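In what follows, a structure is listed as structure tokens, so that the remarks can point back to it.
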Amino acid sequence: MPGALPLWTAFALQLLAVSSLARARGDRARLPWLVLGLTLFVAALALVIDLFGTALGLAWGLTVVSLAGYLRFVRPLLVAPSIGVVRRVERGGADVPQAAVRRGPVVLRLLAAGPLYLLAALGIGVVLATRLPWAEVNRLMLGGMLVPVLWALGALHATADTRIVRVLAAPLLLALVSAALFFVP
Amino acid sequence: MSRRADRPTAARGNRFVARMIESHSILGLSFAVLIYVVSLTGAFTIFAPEVALWESREVPTAPVVAPDQYEQALAAALARTQEGYEALNLVAYGAGRFQPALVVRLNERTADGEFAQTNWIADPSSGELVGELDSPLAHLVEELHVALYLPAPWGRYLVGLLGVCMFCLMISGILAHPSIFRDAFKLRVERSKRMAWTDVHNRLSVWGLPFHLVITFTGGFLGIAGLIVGVLALVAYDGDQEAALRSINGPQAVESRPLASLPPVAAVLADAAARSGGLPLELVVINDPDNAGGILQVSLLDPGILDGRTTYIYRNSGEFLERYGGEGAPAGIRALAMVQPLHYGTFGGYAMKAIYFLLALALTWMTSSGMQIWFHRRAQQGRPVAGYRAAWEGMTGGLSIGLAVACLLSVIGFGNLCLPVSLVVWVATIGLRMVFPSVPYRYLAALVASLLVLALGMRLGSRGFADAFQAQVVNGILVALIAGCAVLVFGTRARELESGISETRSGRESITR
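Quick mapping for you: the protein sequence lines, in order, are chains A and B.
The first sequence begins at 1 in my numbering and counts up one residue at a time.
The second sequence begins at 1001 in my numbering and counts up one residue at a time.
Structure, rendered in structure tokens:
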């Protein structure tokens, strides 16, 4: 495979970077290890970008780094007799922050997170796709590709906000504003 | 003084984290089952072309096919248009790095207006149609992944919703983890079950973050792309879908003189190869094959770019129209073209496919570990959910057993039973698990391994199956899966899986005391 050696070199750099960052966590002199780790990451990324170009290089570099990270946990998981031990003493999970008080049923939140925020996301997407001062195909793509991102952010709000009125009103308001912006000449 | 000033900030921070955890829990628990199915089948869909080759018999293979043979194969497929049906388009899939076979597809509209599709394998040396492509296992896995086997377009939209949901889960997961960098190497397997599984979940998710963000975004976009185009067409183009598609995909068909025979495919392919400097062929699509004004698209593989493809567009009369995509194309078109390679990991050969496979399995395990956190948190709080846990274990084990059964059925020639039997096995496993929750989970893993060993053995011992490299890749995947199951059955984890069952039992007992 063309570029195999530089690829393996980049992977080796990422493995070293992961080890360096692990030392930064445990060691007293953290900063040098942290700097070294980040530098090695950047060097690995620069190597694959130089090999493949920016888009393809970033895709390679940012995918392979996950493998480098996961490899660190393979041995501990394989040799551990079990993942965790059963605790007989009941605890309330004190190290987990208190759950937010839920206001309003989950069904309404999922309604807002689903169809309501989809409507809002489509509305904003259409406005961007038709109003941005760009070439037609570029604004169409941006508007279209932002829809899943906007929908996800909306779903996050719908399931995190404690006020159910706000949860239901926000997507409707966004959809109305988008419609107004679209139809305003 | 500073401690007092810190308290409101810390309290606000805690409330924010709590809300993010709440959001994560609501969406995670609501959609965990569907996310698991889509994730696991997604891992196998990466190798769908190879699986289709692996399970088909008498498939002639070749690394390259000549333009004349493409024309012969497409003409033969067009000649198979049924009486009273309308040929909508023809597709020829180029013999390439992932599937060195010549496959042609005919999409027709029946007399009743229904859509019909037929796929054939053609002989690369002559273009003659050898037989219909029968790949039930690849079809099962792919359909489960892209549409949960639900009717179009709703299945696809649902899977798109799941992609968006998973993207949201990634964001809430990051925001719920203020010490994300400090905890990057924590794996406290010696602590409580809840804490240990939380660490497993967090390590899988944080270290796989670039992959997870890309997969979930591209999956969400691919799922709802049809809806987005429809809305754009309706709103921005007064309902004119053709105009919308023209902006995105380039020239569309125009009414012109009828064609008595197939468009001049061989000449067009030679022209496209000359224009591109000899890039290998990936795909030929002929729309409205009986109309000289129809569109003929020739997609060529360009492995040097992330979009991976350059398309040359012609009229069916043979007239060249334009080059679409690839180097120099508008940013929007190139971004759109990057979505599929990024989602399916096709931009880096088998090395990247293998990495994607491992990361996809890790994503599946991440989903499962999230459920383990909930099970153990509830047990720790004295409110165990033994029924849900048994159902979850039945679902995950049953899906694996069902797919393994489908694999065996496909190899022994009962591919038409893949879907119904695997579905029955899946549902039955869930039911049995709920009735017999104390049966060690490793027995399910052992069953999966046994079925896969049987399937692999029967395939290796049978004649007629392709022995191309791509088919050997699938053999290798099966061996790896069998080895993975062996680790579950015989490794240290076996003890933990059994102790997990006894915890369920004790959780139940603690309620009745």
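The beta-carbon is built from N, C-alpha and C at its ideal position, and this holds for glycine as well.
This one's a predicted model, so the numbers in the text were calculated from it and none came from an experiment.
One thing to note: B/Tyr1070 has its Cβ no nearer than 8 Å to the Cβ of B/Val1254. For B/Glu1022, the nearest beta carbon of chain A is closer than 8 Å to its own beta carbon. Inside the segment 1271 to 1343 of chain B, DSSP marks whole beta strand (DSSP E) runs of 3 or more residues at positions 1281 to 1287, 1295 to 1301, 1309 to 1315, 1320 to 1324, from first to last along the chain.
For B/Pro1210, the neighbours in chain A by C-beta distance under 8 Å run, in chain order, Leu62, Thr63, Val65, Ser66.
By DSSP's assignment, B/Ile1121 forms a beta bridge with B/Val1103, B/Gly1131. B/Val1489 and B/Leu1451 have their C-alpha atoms spaced approximately 14 Å apart. Residue contact check for A/Pro105 against chain B: no CB pair falls below 8 Å. Within the segment 1362 to 1373 of chain B, Ala1362 place their CB atoms closer than 7 Å to a CB of chain A, listed in sequence order.
Interface criterion met: the Cβ of A/Ala22 is under 8 Å from a Cβ in chain B. In the three-state reduction of the DSSP assignment, B/Glu1108 falls in the strand class.
In chain order, His1024, Leu1027, Gly1028 place their CB closer than 7 Å to the CB of B/Leu1169, counting only its own chain and leaving out the 5 sequence neighbours on each side. Distance from the CA atom of B/Arg1188 to the CA atom of B/Asp1238, rounded to whole angstroms, is 58 Å. Proximity of B/Phe1375 to chain A, defined by a Cβ-Cβ separation below 8 Å, is not satisfied.
Per the Cβ contact rule, the segment 1341 to 1360 of chain B is in contact with the segment 1207 to 1215 of chain B (3 or more Cβ pairs under 8 Å).
It is roughly 25 Å from the alpha-carbon of A/Val64 to the alpha-carbon of B/Gln1099. In the DSSP secondary-structure assignment, B/Leu1137 is not bridged to any residue. Exposure of B/Pro1420 is indicated by the presence of fewer than 16 other C-beta atoms within 10 angstroms of its C-beta. Contacts with chain B at 8 Å (Cβ-Cβ) include A/Val137. Excluding its 5 nearest sequence neighbours in each direction, B/Glu1143 has C-beta neighbours in its own chain below 6 Å: Tyr1149, listed in chain order. A/Val35 is outside the set of residues whose beta carbon lies under 8 Å from a beta carbon in chain B.
Note on B/Thr1009: under 16 other CB atoms within 10 angstroms of its CB, so exposed under the neighbour-count rule. In this structure, B/Leu1090 lies away from B/Val1103, with their beta-carbon atoms at least 8 Å apart. Against B/Ile1174, chain A offers no close residue; the least beta-carbon distance is about 11 Å (beta-carbon pairs closer than 7 Å). The alpha carbon of A/Leu58 has as its nearest neighbour, out of A/Leu67, A/Ala44, A/Gly69, the alpha carbon of A/Ala44.
For B/Val1091, the enclosing beta strand (DSSP E) has its first and last residue at 1086 to 1093.
With the rule of 3 Cβ pairs closer than 8 Å, the segment 1297 to 1307 of chain B counts as touching the segment 1315 to 1331 of chain B. For B/Leu1478, not one C-beta of chain A is nearer than 8 Å to its own C-beta. DSSP places A/Pro171 in the uninterrupted alpha helix (DSSP H) bounded by 164 to 183.
With a contact defined as Cβ atoms closer than 8 Å, B/Ser1039 and B/Thr1367 qualify at about 6 Å. Contact annotation: B/Leu1106 and B/Leu1078 have beta-carbon atoms nearer than 8 Å.
C-alpha of B/Cys1165 to C-alpha of A/Gly143: approximately 19 Å in a straight line.
B/Ala1111 and B/Met1434 have their alpha carbons spaced roughly 48 Å apart. Assigned with DSSP and collapsed to three states, B/Ala1116 falls in strand. Under a 10 Å Cβ-count criterion, B/Trp1197 is classified as buried, with 16 or more other Cβ atoms of the shown protein chains found around its own Cβ. Chain-order list of chain A residues neighbouring B/Met1195: Gly84, by C-beta distance under 7 Å. The contact set of B/Phe1217 on chain A, defined by CB atoms closer than 9 Å, consists of Met145, Pro148, Val149, Ala152 in chain order.
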